[in-house]
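The listed protein sequences derive, respectively, from chains Z and L. All the letters of the first sequence, read from the start, carry residue numbers 1 to 310 under our numbering. All the letters of the second sequence, read from the start, carry residue numbers 1 to 484 under our numbering.
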Amino acid sequence: MKLVREYGLVAVLGALIGAFGLLSPVFLTAENLLNIVDQVAIIGFVALGMTVVILTGGIDLSVGSTVAFTGIIFAESLVRGFGLSASMLLCVASGLVVGALNGFLIAHVGLPAFIVTLGTMGAARGASLYITDGRAVSGLPASVGGLASTDIAGLSLPAALFLCLTLLTWAVLKFTYWGKFIYAIGGNERAAWLSGIAVERYKMMVYVAAGFGCAVSGAILVSKLNSAQPQAGNMYELNAIAAVVLGGASLAGGRGDATGTFLGVMILGVLQNGFSLLNVSSYYQQMMLGAILIAAVYADKKSLRGALDD
Amino acid sequence: MTPSILSTQAVSKTYGAVVAVSNLDFSLREGEVRAIIGPNGAGKSTLAKLLYGETIPDKGIIMLRGHAVTFASPADARSRGIAMVPQDFALVDSMSVAENISLTDPPSRSTIYRSAAAAQRARALLGSLSRELDTAGEVGRLPLSDKQLVAICRAINSQPDVLILDEPTSVLGAKSLELIKRLVRALRDSRTSIIYITHSIAEVFEIADSVSVLVDGAQVLESAVASTTPDGLKRYFGSTGLRRPLVAPTDSGQPLLVVQNLTTQTVDNISFSVNAGDSVAVVSEPDGDALDLVKALFGATPSVTGKVTINGNALSDPASSIANGVGLLAADRRREGLFGPLGVYENVSLLGFKDGARLGVMRSSRLLRRAEQLVKDLRIKCESLRQTVWSLSGGNQQKVLLARWMIKDFAVLLLLEPTAGIDLRGKAEVHSIVSQLRGAGKTFLIASSDREELSVLCNKVLSLQNRKIARFVTADAFFGEQQR
């Protein structure tokens, strides 16, 4: 079942690449393909965090705002002369704090994830606008802009980092008991608690991981744009959830994995890149994205029906 | 001969690779009470779902009063006079008793909900089954037995021609039996036909006029109850009835699990101790109290005061109980036991994942070997260790849960309804597993609505009454007296 799904995703990805290759002469160049991996990385970091959250049966709607917020913290720290390493640390720390706040309210206070992260989605966006007074933070040191274009074995830093984090997430979910417990909590939270799993701790952990992904994404985005925008990361929650669900995860929890999410992210990236090369409007692309999300959930429901019936 | 009201002709239904019902001919006559019996996975529940429009057959036809019909949905089936009480009752917990009962058939045709009329209707239906309930009370707060009652009232509220009861005794055991008997008596006059799905051969003889035996999705016997015997039915289950297990419990005289001044939602300030090697049956009237007490020992219920210790270590929540070698087999497989979307491997090995792990990395090959061995030893039928547990039959699911508590060396196992909803063969297998574990020196506390099972498995009985311990005696003394 799972194999069928993954082969299916690879086939879809292959078909899309083939189709765009026929339609656009530029698409199949090595440069463009590497460019796609580089472009999707920013959503990729967020989607990997979203994967572990969704595996527990949760959801994180605050990711887009957190990307903006952590980016602002990164840029503000740089502007105030903290230096690159210290600013990065502050950026990551701010992501972890937002994640920990979400995790605390959801796991320990017991509030619904949807409401909590809807709240922090608004709050983090508000904080970003408040800190910057609604304006972009620019005038960053030149070293920051170079960061995103650093070459690592032929890949850009974002692309290489995305591949590494995908591998790490995959390994943690597959080979560690932390991963197994995350699946177990999503599969049946009460049974997990009755099996002695520290449910609260693991639920906390996944939201912190999501916050970490947002911080990485926020920093890379700042580096790419050479500035921080308080409106950055708009609709990233939609993109990330779409990628995760497209990758075969169930919003009920307990099903999904990092390779699926990677393929989901790539499919969305290829679509976006291909449509852009073909001059399809970005408004139209966003409509497509919504439709793809719903179609992916529908396909998931169809494939599950037999199993749930009996 | 009375005409057939509901029948199937050569009906088949497959789920993936699993043939649930195969070429089935089944016919129910007007006013008949028909028991459907068969081993786990025989297709009983699938037949019920087909007749109630929850799913449609791949092949064959369903006939209602001599005409071929296709039920598009349960609502469609209801409108044509079929009603069902599903195993899990399917009630809306946040709504009142009256609202639940009148949910699908409101007291008036207008869109305005008439609460007074609904309450009156609910009281009348409850009264016909000799029970009074606060019709404005929330269903979620009711004990299971009353939930079942509400579910039954909702089904008969539409005055169906055919009422399907899907294993009504699987959740509440013998307690439901009295209710079902009252129901059957109440419906007898209205010529309502009843399909009664069960695992229990004894119930067939208490309730039904006729019986159908299903094996592997086909009907292998249709007979009047009067012209068959329990032994005649038993042979279709491929196993004999309960036997006293090979290894008897051995009371070592050494207290192991000590309970001091325990107060929970159902007991007040009770103290007792269980010796190593004991198998203690916990019984109560109603059964729910015994289940609740055992759960409380494990630290799985809220607002508990008092002390539960094993070797001097306190058990305060599931994690501390497990750390101290106490395991709990939950009664509600779906809600409290199984990780549905996960594989057999994960479900069996969960408690072992942490053992010997370094930096979180599990010792997978050892875990896999252990899981494979358990699956083999317990004869769990699955295609592979990766098969999701929600696609297993009830008996195999139960064995998966037992295997979970065998992955590590637990000193005490608390079993809640260890064989509810599984067939005779599965029951015998579970009992033999318990017997083997006892040979390994394990201590058991068992709460079950199946008294025969308790008499076979246990050497002591702790009975609760009025929130106190009524008696704590040997099983021979307890069950011996009951028989007299």
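Glycine included, each C-beta is placed from N, C-alpha and C at the ideal position.
What's the gap between the Cα of K307 (chain L) and the Cα of T474 (chain L)?
Cα-Cα distance, rounded: 24 Å.
Contact set between the region 338-350 of chain L and chain Z, restricted to residues whose Cβ is under 9 Å from the partner:
Listed by position along the chain: L338, F339, G340, P341, L342, E346, N347, S349 and L350.
Which of the three DSSP states is assigned to E138 (chain L) in this structure?
When DSSP states are grouped into helix, strand and coil, E138 (chain L) belongs to the strand group.
Would L51 (chain L) and I82 (chain L) qualify as a contact pair, given that the criterion is a beta-carbon distance under 8 Å?
Yes; because the gap between Cβ atoms is below 8 Å, this pair is in contact.
Along the region 372-392 of chain L, where does the CB come closer than 7 Å to a CB of chain Z? Name the residues.
Listed by position, the residues of the region 372-392 of chain L near chain Z (Cβ gap below 7 Å) are T388, W390 and S391.
Look at the alpha carbon of D309 (chain Z) and the alpha carbon of S45 (chain L), and state the distance between them as a whole number of angstroms.
Its pLDDT being 35, under 50, D309 (chain Z) is placed unreliably by the model, and the measurement read from it follows with that caveat. A straight-line Cα-Cα distance of about 11 Å links D309 (chain Z) and S45 (chain L).
Any idea if G290 (chain Z) is buried or exposed, counting beta-carbon neighbours within 10 angstroms, 16 or more meaning buried?
By the Cβ neighbour-count rule, G290 (chain Z) is exposed, with fewer than 16 other Cβ atoms within 10 Å of its own.
Name the two residues that bound the continuous alpha helix (DSSP H) containing A184 (chain Z).
If you look at A184 (chain Z), you'll find it in the alpha helix (DSSP H) that goes Y177 to G187.
Looking at the C-beta of R335 (chain L), does it have a partner C-beta in chain Z at a distance below 8 Å?
Yes, contact with chain Z.
Can you name the start and end residues of the beta strand (DSSP E) that D166 (chain L) belongs to?
Segment V162 to D166, the beta strand (DSSP E) holding D166 (chain L).
Just grab the DSSP bridge partners of H67 (chain L) for me.
Looking at the DSSP output, H67 (chain L) sits in a beta bridge with L:L64.
Hey, P418 (chain L) and S448 (chain L): beta-carbon distance below 8 Å or not?
Pairing P418 (chain L) with S448 (chain L) gives a Cβ-Cβ distance under 8 Å.
Would you kindly work out how many angstroms separate the C-alpha atoms of V245 (chain Z) and S210 (chain L), rounded to a whole number?
When only Cα atoms are considered, V245 (chain Z) and S210 (chain L) end up about 50 Å apart.
If G60 (chain L) and T8 (chain L) are in contact, beta carbons under 8 Å, what's the gap, nearest whole angstrom?
Their Cβ separation, rounded to whole angstroms, is 6 Å, which keeps G60 (chain L) and T8 (chain L) in contact under 8 Å.
In three-state DSSP terms, what is A20 (chain L)?
Strand at A20 (chain L).
Report the CB separation of M50 (chain Z) from A210 (chain Z) in whole angstroms; it is logged as a contact under 8 Å.
Between A210 (chain Z) and M50 (chain Z) the Cβ distance is about 6 Å, and since that is below 8 Å, they are a contact.
Could you check where the alpha helix (DSSP H) with I220 (chain Z) kicks off and where it finishes?
In the DSSP assignment, I220 (chain Z) falls within the unbroken alpha helix (DSSP H) covering V199 to L225.
When Cβ atoms are compared, which residues of the region 190-223 of chain Z fall closer than 8 Å to chain L?
So the close ones are R190, A191, A192, W193, L194, S195, G196, I197 and A198.
Which of helix, strand or coil DSSP assigns to G260 (chain Z):
Helix at G260 (chain Z).
Who does S156 (chain Z) pair with in a DSSP beta bridge?
Per DSSP, Z:D151.
Within chain Z, partners of G499 (chain L) - CB distance below 9 Å
Here chain L has residues from 1 to 484 only, and residue 499 (chain L) is not among them.
Would you list the residues sitting across from Y196 (chain L) in a DSSP beta bridge?
DSSP lists L:A35 and L:L165 as partners of Y196 (chain L).
I want to see whether chain L comes within less than 8 Å of Y183 (chain Z), judged by CB atoms only; does it?
For Y183 (chain Z), the answer is yes, since a Cβ of chain L falls inside 8 Å of its Cβ.
Of the residues L:Q254, L:I197, L:L297 and L:G299, which one's Cα is nearest the Cα of D423 (chain L)?
For D423 (chain L), the closest alpha carbon among the candidates L:Q254, L:I197, L:L297 and L:G299 is that of L:I197.
Cβ shell of A10 (chain L) (< 8 Å), same chain only, five flanking positions each side left out
Excluding positions up to five away in sequence, the list reads N23, L24, D25, K59, G60 and I61.
Ordered list of alpha helix (DSSP H) runs contained in the region 312-351 of chain L, each at least 4 residues:
Entirely contained in the region 312-351 of chain L, the alpha helix (DSSP H) runs reaching 4 residues are, in chain order, 318-323 and 344-349.
In the DSSP assignment, find the beta strand (DSSP E) that holds Q465 (chain L) and state where it starts and stops.
Per DSSP, the unbroken beta strand (DSSP E) holding Q465 (chain L) starts and ends at K460 to Q465.
Going by Cα to Cα distance, which pick from Z:L225, Z:K302, Z:S276 and Z:V208 is closest to S250 (chain Z)?
Considering only alpha carbons, the answer is Z:K302.
Check this for me: beta carbons of V150 (chain L) and I195 (chain L), under 8 Å apart or not?
Cβ distance not < 8 Å, so V150 (chain L) and I195 (chain L) don't count as in contact.
Test item: CB-CB of V412 (chain L) and L256 (chain L) under 8 Å
At a Cβ-Cβ threshold of 8 Å, V412 (chain L) and L256 (chain L) count as neighbours.
Please name the residue in L:A155, L:V215 and L:V139 whose C-alpha comes closest to that of V19 (chain L).
That would be L:V215, whose Cα lies nearest to the Cα of V19 (chain L).
Boundaries (first-last residue) of the alpha helix (DSSP H) holding G103 (chain Z)
Where G103 (chain Z) is concerned, the enclosing alpha helix (DSSP H) starts and stops at L84 to G103.
Enumerate in chain order the residues of its own chain whose CB-to-CB distance from R182 (chain L) is below 8 Å, with the five nearest sequence positions on each side excluded.
Its chain contains L129 and S130 as the residues whose beta carbon lies nearer than 8 Å to that of R182 (chain L), once the 5 sequence neighbours on both sides are disregarded; these appear in chain order.
Measure from the C-beta of F444 (chain L) to each C-beta in chain A and report whether the shortest distance is under 8 Å.
Protein chains Z and L are contained in the structure displayed, whereas chain A is not.
At the level of alpha carbons, what is the spacing between T66 (chain Z) and P302 (chain L)?
Their Cα atoms are separated by approximately 36 Å.
For a test of the three-state rule: what should DSSP assign to G426 (chain L), helix, strand or coil?
It is helical.
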